[in-house]
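Engineer: Heads up, the sequence shown is in this note's numbering, so the first residue is 2 and it goes up one at a time.
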Amino acid sequence: MNLKTGGAEKMIGYCGYNCYLCPARSDDPAIRQKLVEGWRKLYGHQNYTVDNVKCDGCPSNGEVADKECKARPCAKEKGIKSCAYCGDFPCDKLRHLINPIFYATEEEYNLCIRQFEDGKNNLIKILIERGRTPPWLVQHSKA
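1) From the DSSP output, in three-state form, read off Asn122 for me.
2) Assuming contact is defined by CB atoms lying nearer than 8 Å, are Cys56 and Arg96 in contact in what I supplied?
3) Assuming Cys16 and Cys87 form a contact by the criterion Cβ under 8 Å, report the distance between their Cβ atoms to the nearest whole angstrom.
4) For a test of the three-state rule: what should DSSP assign to Asn62, helix, strand or coil?
5) With a threshold of 16 other CB atoms inside 10 Å of the CB of Ala66, please say whether the residue is buried or exposed.
6) Rounding to the nearest angstrom, what Cα-Cα distance links Asp93 and Thr106 in this structure?
7) Going along the chain, which residues of its own chain have a beta-carbon closer than 6 Å to the beta-carbon of Cys20, five neighbours each way excluded?
8) Taking the straight line between their C-alpha atoms, what separation do you get for Val54 and Leu36?
9) I need the DSSP call for Ile13, collapsed to helix, strand or coil.
10) Quick one: is Cys113 buried, meaning 16 or more other Cβ sit within 10 Å of its Cβ, or exposed?
11) Which residue from Leu128, Glu109, Asp52 puts its Cα closest to that of Asp29?
12) Between Ser125 and the rest of its own chain, which residues show a CB-CB distance below 6 Å, the 5 nearest in sequence each way excluded?
13) With which residues is Asn19 paired in a DSSP beta bridge?
14) Among Pro135, Trp137, Tyr18, which has the Cα closest to the Cα of Ala72?
15) Are Ile127 and Val139 close, meaning C-beta to C-beta below 8 Å?
Rendered as structure tokens:
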């Protein structure tokens, strides 16, 4: 799905991923290498390389980095521009890609998720107050 906002095209994946922000779409191998290194460090992804992470964006007809994604072929087969338009949303094809809130009952939300909702913001606020955050995070948290 391509959205145009302020003249800039924003490609959004079927699962809601911001493809337009993803460095995997870069032609520069050095940028893709930094992405691979970051994914390894932050998420533990070990299967990506500078070559196989090259991606044209999920909604494109080109190459995609996540060859095992089940959401993309399903959405393309159904002819929908977002999984959110599917009558089966949320399904197991998305479970590892999206926030667990979409699968929760109200009771599960109250017992298991609600307490985490503002956790990151609470930590960032305290770290900012203590002067323990990098400047980019301070600026990002104000946006």
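Every residue gets a Cβ at the ideal spot worked out from N, C-alpha and C, and that includes glycine. Here the structure is a predicted model, which is why all the values come from computation and not from measurement.
Structural biologist: Reading off the structure:
1) In this structure, Asn122 counts as helix in the three-state DSSP scheme.
2) By the CB criterion at 8 Å, Cys56 and Arg96 fall outside the cutoff.
3) In fact, because the Cβ distance is near 11 Å, the residues do not count as touching under 8 Å.
4) coil
5) buried
6) 16 Å
7) These residues qualify, in order along the chain: Met12, Gly14, Gly58, Cys59.
8) 9 Å
9) In the structure shown, Ile13 sits in a strand (DSSP, three-state: E or B).
10) Exposed: under 16 other Cβ atoms inside 10 Å.
11) Asp52
12) The amino acid occupying residue 125 in the given sequence is Ile; Ser does not appear at that position. These residues qualify, in order along the chain: Ser142.
13) Ile13
14) Tyr18
15) no
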